[in-house]
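K.L.:
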Amino acid sequence: MNVLNEPESNTGSLEFLQKSQLGMDSESLLADLSRYYTRMLGRRTLRTDTPFLYQALVYALRDRLMERWNDTNIVLERDKARRAHYLSMEYLMGRLLHNALYSLDAVGASSDALEALGVELALVEEAEHDAGLGNGGLGRLAACFLDSCATLGLPMIGYGLRYQYGMFRQKIVDGFQIEEPDLWLRDGFPWEIQRLELARTIRFGGHTQIIQDPDRGERHMLVDTRDVLAVPYDVPVPGYRNGVVNTLRLWSAEATDEFDLEEFNAGSYTEAVEAKTAAENISMVLYPNTATESGHELRLKQQYFLASASLQDVLADWHKRYGEDLTEFASRNCFQLNDTHPAVAVAELMRLLMDEHGLSWDSAWHITRSCMAYTNHTLLPEALETWPVPLFERLLPRIMEIIYEINARFLDEVSIHWPGDNARMRRMSLIDENGGRSVRMAYLAIVGSYSVNGVAALHSRLLTEGLFRDFAELWPEKFNNKTNGVTQRRWLAACNAPLSRLITDTIGDRWVTDLDLLEGLREHVNDTDFRERWRAAKLANKQRLADMVLERTGLALDTSMLFDVQVKRIHEYKRQLLNVLHAIHLYDRIRRGHDEGLVPRAIIIGGKAAPGYVMAKNFIKLIGNVARVINNDPAMRGKLQMVFYPDYNVTAMEAICAAADLSEQISTAGKEASGTGNMKFMMNGAITIGTLDGANVEIREAVG
């Protein structure tokens, strides 16, 4: 029987799938790995200097994930469960192989299978590139949410863009940051499944016509548009040993027509592929440089492309399962906007519900405000996106019309609440009239959502008392706090094997899904054997990191020193400069002989500066200059070292957080919304040196 076409059937179909599941033992994995390596990838000799062994192992694992993926989707369709749809411009996934092996409890079996071929699993894992789908904490938070929802069995699909180029690969040349393209897809991405049958058409430009529909009355229709195809690629997101596999759906931009054959035949080769090139640019690179007008436009295109494709996808799935009745749509669906980037989804859902599905304004607005939720990630007003009205009107004319209407109705509501308060109306308007008219995207997200959350208790309080005070006074029930978190499965259990084994030996393994159980370690703080094993685990992790630093920079770190670590985006408010000044202060003390009581430390700093951020790039140069002076001074031997770790990414952090003794979280107070690096370091036993900012406040409350 074809179980995939019977979503409404009983559990017999699930039982059929489960009975046919592929073996998870080393012999079964070896057989499938060998088959993919020889028959699909066409390789005859065993080589570890190519990505093919890695790819063969991924295909073997993907088959096993596919079975669980199908099971999960059948259950979702049968149970008609409420679904969450996470819209994010970033997913900082890191490497997926080890995470999948760990989630499937297949690390040992895979290691044994490869051992039979004379190959180490760690060597195969090194062939995987970090997925270039994100930049910093925003994207890593999204990735952790995906992991946690799958582990909790919550039905959630992540929507993002399939960037061909990631942020950039960072090289340090003569102390300066040099950006190189991060073509992370160059060896393929064997985890993904292309879903051509689910492609959606995204329309830019054009103009609106009002037509009389005999069934729906007056309708708005976009004509003379420039269309782009959004093609989805699905990536499995496995839960931790529970059989659940959720989905990350990434949209890739393609031309609706490959090229103009007439232009080509006439010899105009460049013009013939112009539409194709323009379309593909949309998903070409993460964070195009918005310093130029074309980069500014491309960024808005990316945001609308993500929002429109994702919303069309959800509505099409609803239509397939329930028809045109949208009565229960809001109660069955939630769209979580990860920061301001996808805020245009509010207006786009209105457009789809009214123009494509024939709903009235009031019905569409009720649905929209009942299923949209907005997470704010910044207290910096300059980081809240605004878009020039002329750009919006040219690129998204129908969306601009809808935003005008949302704003007019919203300001009516404000004027009723605060009669005659024109200053407040100007402050709260979705259109900023100061210095050229622009659309305030954060305000659109607030007005169109039922929930607005900050990402740490302090941050949420400051939002309601400052940045969004007017809105909080109007709708206090909308505002709430959801402190950021990280998954302990990747950031302790999987990345720190020595400490993970010690914790499990001491309190059992349930902490992997219930982090509160780490409280049980308090009883063992005075246990001599426990403390010795803890120190041994830390030393092993420090040696692993020292080997990586030596390979990348040529500096041999002294593992007997305290590893004092600050790794994050290079920014003035993150205060890497303060850390450098402290290093200079320590250097000066040691040189003057005032080093009594100083514990030897190795200062490790890493992170990327945005290509156009001159001050941040100067910080990197300064760090390198100070490090060179310190490391070349014989008086510092055994007392002080300093290094800049180049091309910091998720994979590097997995080694760094496990090895750190001290965690620098020294942002300017009131500027850091939450932070997640602080949690990764604390979870792995580092002491936090930090300002009372963001989640540092709550961490201190929890651990002292």
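The number in the working numbering is simply the position in the sequence shown, starting from 1, with 566 added. We put the CB at the ideal spot given by N, CA and C, even for glycine. Since the model is a prediction, treat every value here as computed from it, not as a measurement.
Tell me the rounded alpha-carbon separation between L642 and S897.
P.N.:
Distance between the alpha carbons of L642 and S897 is about 15 Å.
K.L.:
Is it buried or exposed for I982, if we count other Cβ within 10 angstroms and need 16 for buried?
P.N.:
exposed
K.L.:
Check S1122 in the structure and name its three-state DSSP category.
P.N.:
Reading off the sequence shown, one finds Ala at residue 1122, where the question assumed Ser. Three-state result, A1122: coil.
K.L.:
My parser needs the beta strand (DSSP E) runs of 3 or more residues fully inside the stretch 1003 to 1054; what are they?
P.N.:
1004 to 1006, 1017 to 1020, 1045 to 1047
K.L.:
Express the C-alpha separation of I640 and V569 in angstroms, rounding to a whole number.
P.N.:
Only weak support exists for where V569 lies, its pLDDT of 27 falling under 50; the coordinates are left without a value.
K.L.:
I need the straight-line Cα distance from K1174 to A1182, nearest angstrom please.
P.N.:
Rounded to the nearest angstrom, the two C-alpha atoms are 9 Å apart.
K.L.:
Among all the DSSP beta bridges, which residues are the ones paired with Q1207?
P.N.:
Partner(s): A1168.
K.L.:
Among residues of its own chain, excluding the 5 on either side of V673, which ones have a beta-carbon nearer than 7 Å to its beta-carbon?
P.N.:
L667
K.L.:
Apply the 10 Å Cβ neighbour rule to T774 and answer buried if 16 or more other Cβ atoms are within range, or exposed otherwise.
P.N.:
exposed
K.L.:
Is the beta carbon of K1271 sitting closer than 8 Å to the one on V1052?
P.N.:
Outside the shown range of the chain (567 to 1270) lies residue 1271, about which nothing can therefore be said.
K.L.:
If I follow the unbroken beta strand (DSSP E) through S1229, where does it start and stop?
P.N.:
1228 to 1231
K.L.:
Sort out for me which residues DSSP pairs P798 with in a bridge.
P.N.:
W817, per the DSSP bridge assignment.
K.L.:
What's the call for F742, buried or exposed, on a 16-neighbour Cβ count within 10 Å?
P.N.:
exposed
K.L.:
Just mark T604 as buried or exposed, buried being the case when its beta carbon has 16 or more other beta carbons within 10 Å.
P.N.:
exposed
K.L.:
In this structure, does DSSP put E951 in helix, strand or coil?
P.N.:
In this structure, DSSP gives E951 a state outside helix and strand, which the three-state scheme calls coil.
K.L.:
For E948, collect the residues of the same chain with a Cβ closer than 8 Å to its Cβ; drop the 5 residues on either side in sequence, then sort them by chain order.
P.N.:
none
K.L.:
Should L707 and G724 be called a contact, given that it needs their Cβ atoms to be closer than 8 Å?
P.N.:
no
K.L.:
Could you pull the DSSP bridge partners for T638 from this structure?
P.N.:
None, per the DSSP bridge assignment.
K.L.:
In three-state DSSP terms, what is T774?
P.N.:
strand
K.L.:
With 16 other CB atoms within 10 Å as the buried threshold, where does E1238 fall?
P.N.:
buried
K.L.:
What is the C-beta distance between N1244 and D696, in whole angstroms, given that I count them as a contact (C-beta under 8 Å)?
P.N.:
21 Å between Cβ atoms; not a contact.
K.L.:
If you draw a straight line from the alpha carbon of V810 to that of Q1207, how long is it in whole angstroms?
P.N.:
The alpha-carbon atoms of V810 and Q1207 are separated by roughly 46 Å.
K.L.:
With which residues is A697 paired in a DSSP beta bridge?
P.N.:
G660
K.L.:
Inspect the CB distances between the stretch 1219 to 1232 and the stretch 1125 to 1141 and report whether three or more fall short of 8 Å.
P.N.:
yes
K.L.:
Taking 8 Å as the limit between beta carbons, can you name the residues of its chain near R865, skipping five residues before and five after?
P.N.:
Y853, P854, T856
K.L.:
On a Cα-Cα basis, can you pick out the residue from G719, A844, A1023, L619 that is closest to A647?
P.N.:
It is G719 whose Cα lies nearest to the Cα of A647.
K.L.:
With respect to the alpha helix (DSSP H) encompassing Y970, which residues constitute its N-terminal and C-terminal limits?
P.N.:
963 to 983
K.L.:
For V1005, I'd like the list of residues in its chain whose CB is within less than 7 Å of its CB, leaving aside the five on either flank, ordered along the chain.
P.N.:
T952, W953, V955, F958, I969, L996, I997
K.L.:
Alpha carbon to alpha carbon, how far is E686 from R1118?
P.N.:
Going from the Cα of E686 to the Cα of R1118 covers about 22 Å.
K.L.:
Per DSSP, what are the beta-bridge partners of P908 in this structure?
P.N.:
In the DSSP assignment, no residue is bridged to P908.
K.L.:
Going by C-alpha to C-alpha distance, which of I1170, R1135, N1250 sits closest to R1067?
P.N.:
Ranked by Cα distance from R1067, the options I1170, R1135, N1250 are led by N1250.
K.L.:
Grab the span of the beta strand (DSSP E) containing E784 for me, first residue to last.
P.N.:
783 to 789
K.L.:
What three-state label does DSSP hand R792 in the structure shown?
P.N.:
strand
K.L.:
What are the residues that DSSP puts in a beta bridge with F742?
P.N.:
V739
K.L.:
Among T638, G684, Q1142, L619, whose alpha-carbon lies nearest the alpha-carbon of L548?
P.N.:
What is shown of the chain runs 567 to 1270, which leaves residue 548 out entirely.
K.L.:
Measuring CA to CA, which of G1001, G703, D1095, D671 is closest to N808?
P.N.:
Looking at the Cα atoms, D671 is the closest of the given residues.
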